[in-house]
Structures are given as C-alpha cells and as structure tokens.
Amino acid sequence: MSTSNPSPNDRRQHYLNAAYGLRSWLLTVDHKRIALLYLGSITFFFFIGGSFAVMIRMNLLTPDGSFLQAETYNKFFTMHGLVMIFFFLIPSIPAVLGNFLIPMMVGAKDLAFPRLNLLSWYLYIIGGVMALSAAALGGVDTGWTFYTPYSSTYSNGNVVIMGVGAFVAGFSSILTGLNFIVTIHKMRCPGLTWFRLPLFVWAMYATSVIQILGTPVIAITLLLLAAERIFHVGIFDPRIGGDPVLFQHFFWFYSHPAVYIMILPAMGVISELVATFSRKRIFGYNLVAFSSVAIAMLSFLVWGHHLFVSGQSIYAGLVFSVLSFMVAIPSAIKVFNWTATFYRGSISYDTPMMYCFGFIGLFTMGGVTGLLLASLAVDVHLHDTYFVIAHFHYIMVGGAVMGYLGGMHFWWPKITGRMYPEIWARFAAVIIFVGFNLTFFPQFMLGYLGMPRRYHAYPAEFQVLNVMSTAGASILGLGYLIPMIYFIWSMRYGKPAPPNPWGATGLEWRTPSPPPTENFEEIPVVTEEAYDFEALARRDAAALRNEGELQNG
Amino acid sequence: MADHAAAAHAHTPGLRHHFVDMDQQRESARLGMWLFLLTEIMFFGGLFTGYAIYRFSYPEAWRLASHHLDVALGAINTGVLILSSLTMALAVRSAATGKKQLLILFLIATLVFGLVFLGIKAKEYHDKFEHHLIPGTTFEAEGPWAHQEMLFYCFYFAMTGMHALHMIIGMVGLLILIRMSMNNKFSPEYHPHIELFGLYWHFVDIVWIFLFPLLYLIGRHAA
Ligand SMILES: [Cu+2]
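First to last, the sequence lines map onto chains A and B.
When we follow the working numbering, the leftmost residue of the first sequence carries the number 1172, and every step to the right adds one.
When we follow the working numbering, the leftmost residue of the second sequence carries the number 887, and every step to the right adds one.
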C-alpha cells in the first residue's frame, strides 16, 4: 500500500488500489475484495482449528493421554471439527476462489447480487464469533455431529450458542450458493455457452446446488435442537416418543452432501490445473462436467451410510450401501479423465501441478477406503474407529485442502499481481505431502487394529503408530506455515506477475493482474471452446505482431 | 462499446452497475427469488418430514391431540391469508399498471390481513396456554398417548411458530414497500421489489395451506 516500491502495477488502477482504508474494505461490494475478506478470515479459522488439532495430537503422544483432561479433550476435538468444517472447509474454495473467479470466468463485472455477497461475509463472521465465544465460555463437548440426546439433554457445553453460530454461518453458505447459481445462469458473456464454461464453474455450480438444497435442512435441525435444549422438550426427545436417530438422519442429510461442498470445488480446481499444466483440453470435458452434477445429485441419497450401526433397518442399510458405491462412479470418471489428459500432454511441474498430483493420489486413497466403509459388514468393524478419521482426512485434507492450496498458488499472481517464490513453494508442497501421509496413514492401521475415535487415552500397543501420526502432524503444521509466510512476503517483494503467467486459457487470464475493479476493460466475447490452447497461441502471436507494428510504426 | 454501456446505464434508473441491461437484472432477481423459495421449501421440508414420520408412528396420538385445536379459528385464518394473497396479487397488478394509490391501498390491506392472522394466532396460542397444552412440565393430557400428544404439540408450535416468524418478516417487508411506494420509487416498468415480495408472500401463504389440514383437519373424523 505504500508508494516507496514502485512497480508497473502501481501505476495502473486496479481493484486493490481503487480505494484505501478500512471502510473501503468493510463496505466493499466488489467480489474480488470480498474474496480477500474471506481469505483473511478463513485463514484465521484454519489456524484456530489447526491449534486444536495440535493439542489433540500432543495428547495422543502417550497412551494415558496425560496432556489434557478427558473433558477438555472432548471439547478440543469438537472445536477442531466444527471450526474446520463450518468455518474453514465449507467456505474455503467457494468463498475465496469462487468469489474471486466466477464473475471473471463467466465474463461478468461482478456476481449477480454484490450486496448479498457482502452480507454473506458478515453472516459468516457473526457465526464465527458465536462459535469462538461458545469455545471461550466453556466449550462444547458433543463432537461436531451434535448427536441427540447427549447434545439436547445431558451435555454441559454451550450447545445453543454453537448451534446457532453454525446456523448463521449456514445462511452465509446458502446465500453464496444462490449468488453463484444466478450468476452462472444469467451473467455469462456473449458466446459463453454452458459447454464452453471452465470445469471449475461446473463444479462450483454443482456445489452451489448442494449448498442451497442441503443447508436449509441442517438449519431447521439445529434450530429444533436449540429449542429442545432451551425448553427441555422437543421432537428428538425419547421420553415423549421422539426419536434421537431422526436427528442423525436430518444431520447427515446435510452433512454427507456437505462433504461434496468441500471436495467438488477442489475437483474443479484440479480440472483447471490438469488442463493448464498439461497444455491440453481436459479429456472427456462433457463427462467431467456432468460427473460434478451426478455427484451433487447422488450425494443426497447416501446419508444412511452413517447409520449402519444406529439401529437403521438392514434393508435401508443395503440400499444406502449400494447408493454409496454408486458415488464412486462419477468420482472415478474424474480421476480417469484427468490421468487420461496427462497422456501425451506437455506436462510442467510448477507448484500448482504438484498439489494437483498430490490431490489425485490422496483423493483416490480416500475414495477407495470410503468404499470399504460403505460395505455393511466391514463398516461394523471399522465404524467409529481411526479408520474413519483417516478416510475423511484423506478426502478433506488430502483432497480439499490440497486443491485449495493448488488453486491459491495457481491464482495468486492474478489475485495479488505478484509471483510467489517457486522454490520455496515446491519445497512446502513436498513437506505438506510427506507430513500429511505420515499423520494419517498410520491412522488407517490404528483404526483397522480397533482404536476407537474420540478417546483421550488408548492401550499402550497403539503408541508407536500414534507417535508417528503426531510426528507427521508436526511436519504438516510446519508445511502449512511456509506458504503462509511466503505468500505474505510476496505481496510486497514478489516479482510482478504478467496477465497470464501460466499460459492458461480462462477469461480471467485475459485481464491484467491484478484485475481492474470492473474485471474487464471491455465485456469479452467468447468464440472458442474451453481449454483451446491453439486459439490461445494464435491470439498471443497476433498480439505480438501488433506490438511489433506499433513499435516500428 | 464501453461508452454505449455507460450511456444505457445513465438512461435507465434502477439499473445496477454490474448488469448489462434491465432484462438481465430482472431475470437475475427473479431467479434469485425462486432459488430462495426453494431453500425455504427445504427448510420447512425438514419439519414436514418429521411430522410425517411421527404421524405414521403415532396416528392415535395425532388424532387425539388435533381435537384440541380450534378448527373454526384455523379456518378463519385460512380465509384471511387467502384474502391477503388476493390483495397482494392486486398490489402487483396495480404496480404494473402504474396506479399508485391502489398499490398503496392493496399493500396496506395485505398488511392488515397479516395482522389479523397473527392476532388470531396469538389468541390460539393463548388458549393453548390456558388449556395446558404447551409442551413441558405443565402439559396436561390423559390416556396412553399423553406423551406423544406432547410431541404433536412440539410440531404444532414449531411449524406454526416458524410460519408466524415468516409472516412477521413479511410484514416488515410490507412496511418498507409501502414507504417506497409513497416515495414514488416504482413505475410500471420498474417495480421488481413488489413483484418479488409477492412471490414470498404467496409462498408463506401456501405453507399455511399445508399446515391447516395437516394440523387441524386430518384424522379428525377417523374415529
Ligand atoms: Cu457420508
């Protein structure tokens, strides 16, 4: 923000220097600035959630769990889950990268409802403040799943404040999804048909559908839970004939699809990275696009796989098991199409691509272990063990966070107008990959051997694997700090970024880095398919010729 | 190109900076409202699902409990809400034909019907309180289904309460619209607020159209 360090960017008007001061940020309706507001706040929550994880892993270093009291341990794993899911993962790619990119990718000046977009951020912050105050006032010990009747009747924690916090943050998620759907439907620039859209937009569209259909159900569920706690009577209360398992049905009707709110956007990012760094159109574009929609639809039909041991009818379990297996089909379509795109592509190994490889490997592991858990008999053995923990961390951290980091590196030059230091970034990507696997692979083994989740102590024979996991978590934590440091460093000292540093094809790369407030000097017109690298080369050559003529003439 | 767009914006009051033209803005707003109503359906859908599951489990308790509801008051309220939907539809029409006085009149009529509905609802809640039908320790019911009748009343208050909350939000919306109409904010070409609010109001009305038979009527004669 100072003028002491002049660079070509500083002379041009763009969204970052369009206005200064706190007010210009807190009252902005520019989707790019709102994306940065989210970036700051979700990073904050990521480190809050991460510090709870550090304490969990510290405690599990020794079998007797001497670091934390059992009650404190319960509160910490609850807060870790709640903060990471509702305040980091769900808003991560949609609210930061989606907010920043969707209007640019569809050639629009902003999202359809800019003020609603700002309201979404404020709702998110209000929800976040409520969650943190619930933690500060004594915490919540129900687990992030809030299962009744413990949460409604017996728990001594601040369930109501926490639940209402998640409720409010849920509205932020609903309104963001609504904004994206309307933008993608109505704001596409001339020539940009549905099948010319970048696959990231398709993925975000599918995500938004889940957000607007699923989140209202968890909203009413949390309200009913809060009412039951306040009035000491309610519809999940077994004393009056209510069914606590109904809460589990409602909860997972949202929370299973919520897994896809976290992973689908990452899949969208990966599609962009695979195409750009293979310099090839995604193999089977239509299939990859439709597989996002298929995942969104199937995601609403599989919630019962969380209730295999909750007294659900065996026939229901059978149906949910089969349906859960079916989600593997569109997921595998994506993985196979990405790898088919690599074939004969000219692949470069820049940092985003390293995260992309990490994603494909780790997501595949997470997905395949998900199939084990979707099998009825195997799940009886593995349910509520560390196998489940490892499985969903492979999806959410190995998948969603890798995708998020890959996307952040990919679009960082566009967002800030600066390049990050490539050597450090590759180093961090390797550290994160190693740390991640060392943290979570032993947990597959622990779970298979029978170590249950959510216990603050464990039998001594599990110690070696737990020590490995804690060591991995330390490496992983360090790995996350490195990008944090060099990203901040690069905002001031990074090399100025050209408009299209990666030679990528999307509309967002046709505008300067960082973009002007209105995104494009002129509303773009699209005349080619997505990922048409030959058309890009032709345009670049023409631009070079023009420049040459201008200089000669 | 850019100059053209700027000129179009200058000549079209109400066109926001990021839309290309009025059609795009109108269609976006309309789609946004429908999507919002979709989220509302999912929101109420949770309550309706819970209701259906328990009704299926405890039909006798549901039948007994619904006998304590006042069908006459419920029916009057249904009529009042349908009338309010009519005045709302007429308000949208008056806005489209540019009849400012009628528009204000119909908006006020809608507001009044809404108030009448909430007044009657408040009387019903009060009666339930007098008859000890509020779920909790003071709840009084006899027979083998006493507990499950309490469950019915949990749904009664959750569903009608959520509906009433939507009514109250709607009344705030109506007050804002009346004020905007008086300040000449609308024209036959530009009155999206009225039109979209109409969708919301009709939706809240339709929720009641489902609540009335589910809570007051079904099972009443199946003795
Ligand atoms: Cu699931």
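Ideal Cβ placement from N, Cα and C applies to all residues, glycine included.
Tell me whether residue i, by its Cβ, gets closer than 7 Å to a heavy atom of ligand 3.
i	result
A:Val1430	The model depicted lacks ligand 3 and carries ligand 1 instead.
Where does residue i fall in DSSP's three states?
i	result
B:Pro945	helix
A:Pro1285	helix
B:His1018	coil
A:Ile1264	helix
A:Val1638	helix
B:His1012	helix
A:Asp1550	helix
B:Tyr1102	helix
B:Met887	With a pLDDT of only 40 at B:Met887, under 50, the local geometry of the prediction cannot be trusted, and the value read off the model is given with reservation. Three-state result, B:Met887: coil.
A:Val1200	coil
B:Arg916	helix
B:Lys1007	helix
A:Pro1179	Here the model assigns A:Pro1179 a pLDDT of 49, short of 50, so the residue's position is not dependable and the matter cannot be decided.
A:Ser1484	coil
A:Glu1718	helix
A:Arg1710	helix
A:Gln1184	coil
A:Thr1174	Interpretation of A:Thr1174 is limited by its pLDDT of 38, a score under 50 that renders its predicted location unreliable; the figure taken from the coordinates is listed afterwards. Coil.
B:Glu986	Note that residue 986 of chain B is Lys in the sequence shown here, rather than Glu. Helix at B:Lys986.
B:Tyr940	helix
B:Leu901	coil
A:Arg1228	helix
A:His1356	helix
A:His1427	helix
B:Trp1031	coil
A:Pro1361	coil
A:Ser1326	coil
A:Gly1211	helix
A:Gly1529	helix
A:Phe1238	coil
A:Glu1399	helix
A:Leu1368	coil
B:Ser952	helix
Strictly by DSSP, which residues pair up with residue i?
i	result
A:Ala1556	According to the sequence as given, residue 1556 of chain A is Thr; it is not Ala. According to DSSP, A:Thr1556 bridges with A:Pro1623.
A:Arg1589	A:Pro1667
Answer yes or no: do residue i and residue j have a C-beta to C-beta separation smaller than 8 Å?
i	j	result
A:Thr1347	A:Pro1265	yes
A:Phe1351	A:Ser1379	yes
A:Ser1492	A:His1476	yes
B:Leu955	B:Leu1082	no
A:Ser1470	A:Ile1355	no
A:His1627	A:Gly1236	yes
A:Trp1423	A:Trp1474	yes
A:Ser1263	A:Tyr1575	yes
A:Lys1246	B:Ser914	no
B:Gly1105	B:Pro899	no
A:Gly1588	A:Pro1654	no
A:Met1438	A:Lys1505	yes
A:Val1267	A:Ile1219	no
B:Ser970	B:Phe930	no
B:Ala1044	B:Leu1004	no
A:Tyr1657	A:Trp1595	yes
A:Ile1566	A:Gly1618	no
A:Asp1201	A:Arg1452	no
A:Val1404	B:Cys1040	yes
A:Phe1479	A:His1554	yes
B:Leu833	B:Leu1060	Missing from the structure shown is residue 833 of chain B; chain B here goes from 887 to 1109 and no further.
B:Trp1094	B:Thr964	yes
A:Pro1613	A:Met1573	no
Could you run through the region 918-932 of chain B and flag, in chain order, every residue whose CB is less than 9 Å away from some CB of chain A? Gly918, Leu921, Phe922, Leu924, Thr925, Glu926, Ile927, Met928, Phe929, Phe930, Gly931, Gly932
In the region 943-954 of chain B, which residues sit with their C-beta less than 7 Å from some C-beta in chain A, listed in chain order? Tyr944
For the region 1277-1288 of chain A, list every residue whose C-beta sits within 9 Å of some C-beta in chain B, in sequence order. Ala1279, Lys1280, Asp1281, Leu1282, Ala1283, Phe1284, Pro1285, Leu1287
If you measure beta-carbon to beta-carbon, which residues of the region 1039-1058 of chain B are closer than 7 Å to chain A? Cys1040, Phe1041, Ala1044
Give me the subset of the region 1016-1038 of chain B whose CB atoms are less than 7 Å from a CB atom of chain A, sorted by chain position. Pro1021, Gly1022, His1033, Gln1034, Met1036, Leu1037
Short-range partners of chain A found in the region 897-910 of chain B, where Cβ spacing is below 9 Å: Arg902, His903, His904, Phe905, Val906, Gln910
Just by C-beta distance, which residues in the region 1363-1392 of chain A are closer than 7 Å to chain B? Ile1383, Leu1384, Pro1387, Val1388, Ala1390, Ile1391, Thr1392
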